[in-house]
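K.L.:
In the working numbering, the protein residues as written are 1 to 241.
Encoded as structure tokens, here's the structure I'll be asking about.
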């Protein structure tokens, strides 16, 4: 198998920035799951585990130069990272409507339907000019076509971003206790930080500019860590008990 000589910028964004995110997200997920594995905890932990899996896959394919393998593993990475916001939607619904109303069956329907919509990214890869370009010309970094960018952005925005923010605000309005409001506000700020990072990835992959990728890698590290902890201390720490 042939390996690619990674650039300094690629090492910083893939192995350092994303490596820190991987460790932090796995740590937070384990803290939640080790305390209790009830359904609410598992769903919330999924928010951290899903992108962690995507980042881990990225570690493996980053130095590879087989275009077919790299393209497929990049798809898996994208799926893992971009799937995570749906866990916020399910988590919010379980709090807003109760776990009895949002049964395991309904939960699975939401997760599966969103997964199908996101998995459909795969079909773009087989249409020339409509998917993702990875190869020597792009220094083995993914460059998205405009149709692919628009599709992923629409799926994320309509399927996860708008619902998660809407339901989170509805929950916030129900609180009367100021301390609970303050904690939930931290949770919402955490969502916004993580979603900002995600949209930054979208734009970075569309532009394919090395300097912009590096900036997103550094800024994204801050947004992901801050966002992850804000959500955890806003809600995750409470559901441990």
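Each residue gets a CB set at the ideal place from its N, CA and C atoms; glycine is no exception.
Pairing CB atoms from the stretch 154-166 with CB atoms from the stretch 9-17, are three or more of them under 8 Å?
P.N.:
No, the stretch 154-166 does not touch the stretch 9-17.
K.L.:
Whole angstroms is fine: what's the gap from residue 8's alpha carbon to residue 127's?
P.N.:
By 1-based counting over the chain shown, the position of residue 8 is 8. By 1-based counting over the chain shown, the position of residue 127 is 127. Looking at the two C-alpha atoms, the distance is approximately 32 Å.
K.L.:
Going along the chain, which residues of its own chain have a beta-carbon closer than 7 Å to the beta-carbon of residue 221, five neighbours each way excluded?
P.N.:
Translated into positions along the chain shown, residue 221 becomes position 221. Excluding residues within five positions, the ones whose Cβ falls inside 7 Å are 17, 20, 21.
K.L.:
When DSSP labels each residue in this structure, what does residue 241 get in the three-state scheme?
P.N.:
Mapped onto the chain shown, residue 241 falls at position 241. Confidence in residue 241 is poor, its pLDDT being 49 and thus under 50, which makes the residue's placement too unreliable to answer from.
K.L.:
Quick one, are the C-beta atoms of residue 132 and residue 148 less than 8 Å apart?
P.N.:
Here residue 132 corresponds to residue number 132 of the chain shown, with the count starting at 1. Here residue 148 corresponds to residue number 148 of the chain shown, with the count starting at 1. Yes.
K.L.:
Note down the Cα distance separating residue 1 from residue 66, rounded to an integer number of angstroms.
P.N.:
Here residue 1 refers to the residue found at position 1 when the chain shown is read from its first residue. Here residue 66 refers to the residue found at position 66 when the chain shown is read from its first residue. With a pLDDT of only 49 at residue 1, under the threshold of 50, the placement of this residue in the model should not be trusted; the figure read from the coordinates follows. For residue 1 and residue 66, the distance between alpha carbons rounds to 8 Å.
K.L.:
What does a CB cutoff of less than 6 Å around residue 187 pick up in its chain, not counting 5 residues either side in sequence?
P.N.:
For this step, residue 187 is matched to residue 187 along the chain shown. Answer for residue 187: 231, 234, 235, listed in chain order.
K.L.:
Going by DSSP in three states, residue 328 sits in which element: helix, strand or coil?
P.N.:
Because the chain is modelled from 1 through 241, residue 328 falls outside the range shown and cannot be assessed.
K.L.:
Give the C-beta separation of residue 24 and residue 225 to the nearest angstrom, bearing in mind that I take them to be a contact with Cβ-Cβ under 8 Å.
P.N.:
For the purposes of this step, residue 24 is identified with residue 24 of the chain shown, where counting begins at 1. For the purposes of this step, residue 225 is identified with residue 225 of the chain shown, where counting begins at 1. That pair is a contact at about 6 Å.
K.L.:
Helix, strand or coil, according to DSSP, for residue 146 in the structure here?
P.N.:
Here residue 146 is taken as the residue at index 146 of the chain shown, counted from 1. DSSP places residue 146 in helix when its eight states are reduced to three.
K.L.:
What are the complete alpha helix (DSSP H) segments, minimum 4 residues, inside the stretch 46-87?
P.N.:
With a minimum length of 4 residues, the continuous alpha helix (DSSP H) runs that stay inside the stretch 46-87 are 67-83.
K.L.:
Which full runs of the alpha helix (DSSP H) of 4+ residues lie inside the stretch 151-217, going along the chain?
P.N.:
Whole alpha helix (DSSP H) segments, 4+ residues: 162-174, 178-207.
K.L.:
So, at 6 Å on beta carbons, what are the nonlocal neighbours of residue 42 in its own chain, with the 5 sequence-adjacent residues on each side left out?
P.N.:
If you number the chain shown from 1, residue 42 lands on position 42. Correct list: empty, nothing qualifies.
K.L.:
I'd like to know whether the C-beta atoms of residue 46 and residue 87 end up nearer to each other than 8 Å.
P.N.:
By 1-based counting over the chain shown, the position of residue 46 is 46. By 1-based counting over the chain shown, the position of residue 87 is 87. Yes. Within cutoff.
K.L.:
Excluding sequence positions up to five away, which residues of its chain have a Cβ less than 6 Å from the Cβ of residue 64?
P.N.:
Here the question's residue 64 lines up with position 64 in the chain shown. For residue 64, where only same-chain residues beyond five positions count, the Cβ hits under 6 Å are 70.
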